[in-house]
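Asker:
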Amino acid sequence: MKIVLCCTGTKPEPWVDGLRAALPGAEVAVWEPGAPAADYAVVWAPPQTLLDQQPQLKALFNIGAGVDGLLKLRLPPQALVVRLDDAGMSVQMAEYVCHAVIRHFREFDGYEADVRAGKWSYRKPRSRAEYPVGVMGLGVLGARVAQALRLFEFPVNGWSRTPRALEGVRTFAGAAQFDEFLAASRVLVNLLPLTHDTQAILSRNTLSRLLPGGYVINVARGAHLVDDDLLALLDEGHLAGATLDVFRTEPLPADHPFWTHPRITVTPHTSARTLRDESIAQIAGKILALERGEAIAGIVDPARGY
Ligand SMILES: NC(=O)c1ccc[n+]([C@@H]2O[C@H](COP(=O)([O-])OP(=O)(O)OC[C@H]3O[C@@H](n4cnc5c(N)ncnc54)[C@H](OP(=O)(O)O)[C@@H]3O)[C@@H](O)[C@H]2O)c1
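Structural data, given as structure tokens:
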């Protein structure tokens, strides 16, 4: 069995070594133009040339959960596209989102500023019941985030494309229930995949439906958000703030207003990182399952976009 690795922006050697250790007997190599035909490719943002030169691939393993970048390329029609299925990401995402929600709800940013100014002051405790959190996307990451928020007793709403039942979460589905979901939420967490249907979904039209003093946490993709609409709603006072981990252009350009906005917290696309060992173990397990003719989880439907 032959495996090629082509992960832009990632040091290849530890992945090659890890895959060789997990799949003894497999030939694992870093892809180069003109490389011999392989059975499987492990990729992140590969060039179109790889796909054009390897039309026989049985599967492409994306070393992230989001496949929006990969699906923009012309893929071998029979090749399965397989995304990372948690592999240690959901607990990181739960940490990040709970941290952002609690930091806002408990006004820790305000306390930090007070303490830096040498000020010992109290703020009136807020009512948790008045801070319902809406989670957009109830997949591998969104469901884990919704459950983690429940532990802190926030009312949690969830929205997905098809109806989902999650214990302790008020769920909504499809375009027909989107407005109702937004109107019931004060904090909005975006964990949707970036697809034709979801691009620019965080816009004036949708964000203005949140309860007044809304707070936006975008941890999915930058193209979900209409940047100027967020800035306008912050200036108008309808939104109280935002925590943003993903941006239309990454790294975020030096002159982008998000860097310095007093009510926006920026992090450098770090909310849920790909963990190498977990990812290699998952990919190797799936390759072995495919070789045995077994079904695997995490297969992307290119028509659906996720
Ligand atoms: N910032 C980071 O570090 C980071 C790290 C990892 C992933 N991500 C992002 O997080 C995204 C989600 O990952 P995941 O593993 O949770 O994905 P997933 O398991 O595929 O779940 C996607 C969820 O979104 C819902 N959805 C899709 N299209 C929709 C639509 N048009 N309307 C309403 N709901 C829709 C799906 O509904 P159904 O349940 O009905 O299918 C599902 O609940 C990824 O695509 C990636 O962009 C970001």
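Going by my numbering, the sequence shown runs without a break in its numbering and finishes at 308. Where a beta carbon is used, it is the ideal one built from N, C-alpha and C, also for glycine. The structure presented is a predicted model; accordingly, all values stated were derived computationally and were not measured.
1) Who are the Cβ neighbours of valine 147 in its own chain at under 7 angstroms, not counting the five residues just before and after it?
2) Note down the Cα distance separating proline 35 from leucine 59, rounded to an integer number of angstroms.
3) For the stretch 215 to 245, list the alpha helix (DSSP H) runs that are entirely contained and at least 4 residues long, ordered along the chain.
4) Whole-angstrom Cβ separation of aspartate 247 and valine 228, contact assumed at under 8 angstroms?
5) In chain order, what residues of the same chain have a beta carbon less than 7 angstroms from the beta carbon of arginine 105, not counting five sequence neighbours either side?
6) Identify which residue in Glu238, Asp181, His198 has its Cα closest to the Cα of arginine 211.
7) Considering only residues of the stretch 98 to 147, which uninterrupted alpha helix (DSSP H) runs meet the minimum length of 4 residues and lie entirely inside it, listed in chain order?
8) Using a threshold of 7 angstroms, is the CB atom of glycine 144 nearer than that to any non-hydrogen atom of ligand 1?
9) Taking tryptophan 33 and valine 69 to be in contact with their CB atoms under 8 angstroms, please state how far apart those CB atoms are, rounded to whole angstroms.
10) Going by alpha carbons, who is nearest to threonine 251 out of Trp261, Pro48, Ala39?
11) Determine the closest residue to serine 92 out of Leu77, Lys126, Ala244, Gly139, with distance taken between C-alpha atoms.
12) Out of Leu254, Phe183, Glu155, Ala150, which one is the CA nearest neighbour of proline 165?
13) Mind listing, in chain order, the continuous beta strand (DSSP E) runs of no fewer than 3 residues lying wholly within the stretch 4 to 45?
14) Within 8 angstroms of any Cβ in chain D, is that where the Cβ of arginine 105 sits?
15) Less than 7 angstroms between the CB of threonine 53 and some heavy atom of ligand 1, yes or no?
16) What does a CB cutoff of less than 7 angstroms around alanine 40 pick up in its chain, not counting 5 residues either side in sequence?
17) Please report the residue range of the beta strand (DSSP E) in which threonine 173 lies.
18) Would you call the stretch 300 to 307 in contact with the stretch 74 to 89, where contact means no fewer than 3 C-beta pairs closer than 8 angstroms?
19) Between alanine 31 and ligand 1, is there a pair consisting of the residue's CB and a ligand heavy atom that are separated by less than 7 angstroms?
20) Which term fits glycine 141, buried or exposed, when burial requires 16 or more other beta carbons within 10 angstroms of its beta carbon?
21) Please determine whether the Cβ atom of threonine 12 lies at a distance below 7 angstroms from any heavy atom of ligand 1.
22) So, helix, strand or coil for isoleucine 301, using DSSP?
23) Hey, which unbroken runs of the alpha helix (DSSP H) at 4 residues or more fall wholly within the stretch 163 to 209?
24) Use the C-beta contact count for leucine 153: other C-beta atoms within 10 angstroms, 16 or more gives buried, fewer gives exposed.
25) For my contact list, valine 30 and valine 18 are in at a C-beta cut-off of 8 angstroms; report their separation, rounded to the angstrom.
26) Let me check understanding here. Comparing Cα to Cα, which of Val117, Gly120, Pro127 lies closest to arginine 108?
27) So alanine 291 is in the beta strand (DSSP E); what residue range does that whole segment cover?
28) Tell me whether threonine 208 counts as near ligand 1, meaning its Cβ is closer than 7 angstroms to at least one heavy atom of that ligand.
29) Heavy atom of ligand 1 less than 7 angstroms from the Cβ of histidine 195, yes or no?
30) Shortest alpha-carbon distance to leucine 196 belongs to which of Ala43, Phe63, Gly71?
31) Just to confirm before moving on: does the CB-CB distance between proline 259 and leucine 233 stay below 8 angstroms?
Answerer: With the given structure in hand:
1) The residue labelled residue 147 in the question sits at position 145 within the sequence shown. Around valine 147: Met95, Ala96, Val99, Val137, Val191, Leu193.
2) One-based indexing of the sequence shown puts residue 35 at position 33. One-based indexing of the sequence shown puts residue 59 at position 57. Answer to the nearest angstrom: the Cα atoms are 15 angstroms apart.
3) 229 to 237
4) Taking the sequence shown and counting its residues from 1, the one referred to as residue 247 is at position 245. Taking the sequence shown and counting its residues from 1, the one referred to as residue 228 is at position 226. Wrong, their Cβ atoms sit about 17 angstroms apart, outside the cutoff.
5) As a working mapping, residue 105 is identified with position 103 in the sequence shown. The residues are Asp111.
6) In the sequence shown, the residue the question calls residue 211 occupies position 209. Closest by alpha carbon: Asp181.
7) 110 to 118
8) Looking up residue 144 in the sequence shown gives position 142. Correct: glycine 144 has its Cβ closer than 7 angstroms to ligand 1.
9) For the purposes of this step, residue 33 is taken as residue 31 along the sequence shown, with counting starting at 1. For the purposes of this step, residue 69 is taken as residue 67 along the sequence shown, with counting starting at 1. Going by Cβ atoms, the distance from tryptophan 33 to valine 69 rounds to 18 angstroms, so no, they are not a contact pair.
10) The sequence position of residue 251 within the sequence shown is 249, counting from 1. Cα-wise, what sits closest to threonine 251 is Trp261.
11) Taking the first residue of the sequence shown as 1, we reach residue 92 at position 90. Closest by alpha carbon: Gly139.
12) Looking up residue 165 in the sequence shown gives position 163. For proline 165, the nearest C-alpha among the options comes from Phe183.
13) 4 to 9, 29 to 32
14) Among the chains of the structure shown, chain D does not appear; only one protein chain is present.
15) Position 51 of the sequence shown holds residue 53. Here residue 53 is leucine; the residue named in the question, threonine, does not match the sequence. No, Cβ of leucine 53 sits at least 7 angstroms from all heavy atoms of ligand 1.
16) Position 38 of the sequence shown, counting from 1, holds the residue named residue 40. Same-chain partners within the cutoff: Lys4, Ile5, Val6, Gln56, Leu59.
17) Residue mapping note: residue 173 aligns to position 171 of the sequence shown, counting from 1. Threonine 173 -> beta strand (DSSP E) spans 171 to 175.
18) yes
19) For the purposes of this step, residue 31 is taken as residue 29 along the sequence shown, with counting starting at 1. Alanine 31 Cβ: outside cutoff for every heavy atom of ligand 1.
20) Here residue 141 refers to the residue found at position 139 when the sequence shown is read from its first residue. Glycine 141 is buried by the Cβ-count criterion.
21) On the sequence shown, residue 12 is found 10 positions in, with the first residue counted as 1. Not under cutoff, so the answer is no.
22) The residue labelled residue 301 in the question sits at position 299 within the sequence shown. In the structure shown, isoleucine 301 sits in a strand (DSSP, three-state: E or B).
23) 180 to 185, 206 to 209
24) Counted from its first residue, the sequence shown places residue 153 at position 151. Exposed: under 16 other Cβ atoms inside 10 Å.
25) Taking the sequence shown and counting its residues from 1, the one referred to as residue 30 is at position 28. Taking the sequence shown and counting its residues from 1, the one referred to as residue 18 is at position 16. With 8 angstroms as the limit, valine 30 and valine 18 qualify as a contact, their Cβ atoms being about 5 angstroms apart.
26) Looking up residue 108 in the sequence shown gives position 106. Residue Pro127 is the option with its Cα nearest to arginine 108.
27) For this step, residue 291 is matched to residue 289 along the sequence shown. No beta strand (DSSP E) holds alanine 291; the alpha helix (DSSP H) holding it covers 278 to 293.
28) Numbered from its first residue, the sequence shown carries residue 208 at position 206. Threonine 208: no, Cβ never under 7 angstroms from ligand 1.
29) By one-based count along the sequence shown, residue 195 stands at place 193. The question names histidine, but residue 195 is proline in the sequence shown. Correct: proline 195 has its Cβ closer than 7 angstroms to ligand 1.
30) Sequence index remark: in the sequence shown, residue 196 carries index 194 (1-based). The residue with the shortest Cα to Cα distance from leucine 196 is Gly71.
31) Translated into the one-based positions of the sequence shown, residue 259 becomes position 257. Translated into the one-based positions of the sequence shown, residue 233 becomes position 231. Yes, the Cβ-Cβ distance between proline 259 and leucine 233 is below 8 angstroms.
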